[in-house]
Ligand code: MIC
Ligand code: SF4
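Residue numbers (this note's numbering): 687 to 1339.
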């Protein structure tokens, strides 16, 4: 049988189940990554498992998200993560070393290996032929303790790339094109595998932009073959030994094929406020802008920023635009500093930010009311910038730099500048001094784990009850992202303190002068009434943050009833014992309303044995069927009271 690259890697890591689309499989995880915003919970839960030193080939803990440090919380988290990493045999990447995905690609990722990361953009590693998957922190903690990762055996969509990108066209335009075709909805359970002659024309950083933003499709991951470009990149990173060639078999059969001719692309933008709201730049050109930001794990590579610096050389940006650049890693920033490109950027008018997530996660640079912000990032969910009603357009660095010169949305092909081709360096500057390597067992034992007072161990999930009596605390619409459920930005510093962080669950829906979602849910919890969330399509899109399950769980949310639920969020709900229910008939969504009191009888019995469950209005005005789309393991986890209890039960026999 002619195999896809995806199936080859899955096969070599399979430890349970059979490789048949739609069936649950278990795979061995070679590497893990965590970042600070999800990492504290992941490590607190890891410690609760009493697992000792990590059992993976490599686990890296990055500090890159929460670096604004207003108040002691962030630094408390950093110190905890640094010391707990030392204790558990985990590499620690210090703040300033760079964004987890960029650094992992540069310094650690390996073709053919599996990577599980507590961040939804972990698929960036697919750019060098890794099978790299995002998950909740608890799933990553289990993988660090040698537990397999369970997933639905995917269907593979082959993305056939032909042709070659023209001047001023970018990898970002490729993934925006794909988002215009596949959208952010309905791709759960798929993996996107790139093949065709066009793949060989793309460099590793370009491929990584595409696999990174594949997260926005909602697919499990995206992957490119490992070929001579991969070899060139790894060699330039001083890691030639990590290279191995990997491709799909000739004539491999994909479950679906989408063809994109790179030569025919035109510059695109994702318009407010969804990554799949795609329009050609030609339609938007001339629109006045107030802000341009270049960076994030999608577009902050050395080659991206060199292209920007070369375009700006000797020029000044438009006076009405504020311009920020966040280089993806210390490697990128140092190289720009050494070759003079940084000076060109500063002299053109850029504000240089530290290497980290920064404005991508709402830490600074919130745009003015009504101001258009052009960003090379991967997400433009409403309000993610910290400004209500924000107007964020996601574009390529090429479009961003052209626009910062003119002060308007601009097609880079029209600015009359020759495209500054940037060659991949033969050798990247290698300095891993901001990565602490795992200690010897003796030294690890001596490490004192620092736990600042703002770090609170999360409460265990409560057990399911046979009959659920609840109230619909919120009814929401389509595409509710985890940013809606659990805002980041200024609240990011509360990630290690669930009772505090839970106060802002769904705060985007709170009305001034009215009790907040959290108040309403806690009030019900006191009376032993469960909160139930009702949602439409694609509930839980976006980030992997398990706080979007953990904090609602703390507030007493016990079930989510939606038309569809996204992969990582559904797993997080199960991990924290919130029952994910899908409408058997989507039309039933219209029957149920906020504040309805509902009854779900025989819940435990249904979770044990049934694929469906009856949801009834207490007042008797409706009754409908919900689907329990659960694997037998999901059922066991729910019945055990969540994944932590399940894992402890398993390890105690
Ligand atoms: C994001 O881009 O939304 C984040 C912040 O990186 C999240 C992780 C988090 O919420 O900490 C993600 O993508 O998973
Ligand atoms: Fe950081 Fe933004 Fe990437 Fe998330 S998407 S990891 S916040 S840079």
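By construction, the Cβ of each residue, glycine as well, lies at the ideal position given by its N, Cα and C atoms.
1. Let me know if residue 1061 comes out buried or exposed under the rule of 16 or more other beta-carbons within 10 Å of its beta-carbon.
2. Under three-state DSSP, which class holds residue 1095?
3. Label residue 1015 either buried or exposed according to how many other C-beta atoms from any shown protein chain fall within 10 Å of its C-beta, with 16 as the threshold for buried.
4. Helix, strand or coil for residue 1341 per DSSP?
5. Contact check, residue 1282 vs residue 1176 under 8 Å by CB: the rounded distance?
6. Compute the distance between the beta-carbons of residue 810 and residue 787, then report whether it is under 7 Å.
7. Please go through the same chain and pick out, in chain order, the residues whose beta-carbon is closer than 8 Å to the beta-carbon of residue 1115, but skip the five residues on each side of it.
8. Got a sec? Which residues, its chain only, sit under 7 Å from residue 938 by beta carbon, not counting five neighbours each side?
9. Counting only runs that start and end within the segment 906 to 961, where is the beta strand (DSSP E) found for 3 or more residues in a row?
10. Would you report the Cα separation of residue 1064 and residue 1165, rounded to the nearest angstrom?
11. Just reading off the alpha helix (DSSP H) that residue 1265 is part of, what are its end residues?
12. Strictly by DSSP, which residues pair up with residue 636?
13. Suppose the cutoff is 7 Å on Cβ atoms and the five residues either side in sequence are ignored; what does the same chain contact list for residue 642 look like?
14. Residue 1321 lies in the alpha helix (DSSP H); which residues open and close that run?
15. I need the straight-line Cα distance from residue 1150 to residue 1264, nearest angstrom please.
16. Starting from residue 1283, follow the beta strand (DSSP E) in both directions and report where the run begins and ends.
17. According to DSSP, simplified to helix, strand and coil, what is residue 1313?
18. Could you tell me whether the segment 731 to 743 touches the segment 1032 to 1042, using the rule of 3 or more Cβ pairs below 8 Å?
19. So, residue 881 versus residue 846, is the Cβ gap smaller than 7 Å?
20. Just the C-alpha distance for residue 817 and residue 717, rounded to the nearest angstrom, thanks.
21. Express the C-alpha separation of residue 1294 and residue 1317 in angstroms, rounding to a whole number.
22. Distance, Cα to Cα, residue 1236 vs residue 1223?
23. Are at least three pairs of beta-carbons, each pair with one atom in the segment 730 to 739 and one in the segment 830 to 850, less than 8 Å apart?
24. Identify, in the order they occur along the chain, each residue of the same chain with its Cβ nearer than 8 Å to the Cβ of residue 711, setting aside the five sequence neighbours on each side.
25. Any heavy atom of the ligand MIC closer than 6 Å to the Cβ of residue 1231?
26. For residue 870, collect the residues of the same chain with a Cβ closer than 8 Å to its Cβ; drop the 5 residues on either side in sequence, then sort them by chain order.
27. If you drop the 5 nearest sequence neighbours on each side, which residues of the same chain put their C-beta closer than 8 Å to that of residue 866?
28. Alpha carbon to alpha carbon, how far is residue 829 from residue 808? Give it in angstroms, no decimals.
29. Three-state secondary structure (DSSP) at residue 1145?
30. Inspect the CB distances between the segment 885 to 892 and the segment 842 to 858 and report whether three or more fall short of 8 Å.
31. Buried or exposed for residue 1123, please, with buried defined as at least 16 other CB atoms from any protein chain shown within 10 angstroms of its CB.
32. According to DSSP, is residue 663 part of a helix, a strand, or is it coil?
33. Would you say residue 1182 touches the ligand MIC, meaning its beta carbon is less than 6 Å from a heavy atom?
34. Based on Cα-Cα distance, which residue from 1147, 1191, 1307, 1152 lies nearest to residue 1168?
35. Is DSSP giving residue 1180 helix, strand or coil here?
36. Roughly how many angstroms separate the alpha carbons of residue 1078 and residue 999, rounded to a whole number?
With the given structure in hand:
1. Label assigned to residue 1061: buried.
2. When DSSP states are grouped into helix, strand and coil, residue 1095 belongs to the coil group.
3. Burial call: buried.
4. Because the chain is modelled from 687 through 1339, residue 1341 falls outside the range shown and cannot be assessed.
5. About 33 Å separates the two Cβ atoms, so there is no contact after all.
6. In this structure, residue 810 places its C-beta atom within 7 Å of the C-beta atom of residue 787.
7. Once the five neighbours on either side are set aside, the close Cβ partners of residue 1115 are 1017, 1020, 1021, 1024.
8. Cβ within range, chain order: 688, 689, 690.
9. Runs found: 907 to 909, 942 to 947, 954 to 956.
10. Cα to Cα, residue 1064 sits roughly 16 Å from residue 1165.
11. No alpha helix (DSSP H) holds residue 1265; the beta strand (DSSP E) holding it covers 1265 to 1269.
12. Residue 636 lies beyond the residue range present for the chain, which begins at 687 and ends at 1339; the question has no answer from this structure.
13. Any property of residue 642 remains undetermined from this structure, which presents the chain solely from 687 to 1339.
14. For residue 1321, the enclosing alpha helix (DSSP H) has its first and last residue at 1318 to 1326.
15. Between the alpha carbons of residue 1150 and residue 1264 lies a distance of about 9 Å.
16. Note, residue 1283: beta strand (DSSP E), 1283 to 1286.
17. It is a strand residue.
18. The segment 731 to 743 is not in contact with the segment 1032 to 1042.
19. With contacts defined by Cβ atoms closer than 7 Å, residue 881 and residue 846 form a contacting pair.
20. About 10 Å.
21. If you take the alpha carbons of residue 1317 and residue 1294, they lie about 10 Å apart.
22. Rounded to whole angstroms, residue 1236 to residue 1223 spans 21 Å at the Cα level.
23. Because the criterion of three Cβ pairs below 8 Å is met, the segment 730 to 739 and the segment 830 to 850 touch.
24. For residue 711, where only same-chain residues beyond five positions count, the Cβ hits under 8 Å are 696, 700, 702, 703, 704, 705, 836, 837, 838, 839.
25. Residue 1231 has its CB nearer than 6 Å to a heavy atom of the ligand MIC.
26. Within the same chain, residue 870 has close Cβ partners 902, 903, 904, 960, 961, 962, 1165, 1224, 1227.
27. Cβ within range, chain order: 954, 962, 964.
28. The alpha-carbon atoms of residue 808 and residue 829 are separated by roughly 15 Å.
29. Looking at residue 1145 - three-state DSSP - the assignment turns out to be coil, as it is neither helix nor strand.
30. Counting Cβ pairs under 8 Å, three or more are found: they touch.
31. Exposed is the call here.
32. Because the chain spans 687 through 1339 in this model, residue 663 falls outside it and cannot be assessed.
33. Outside the cutoff, so no.
34. Nearest C-alpha to residue 1168: 1191.
35. It is helical.
36. Cα-Cα distance, rounded: 26 Å.
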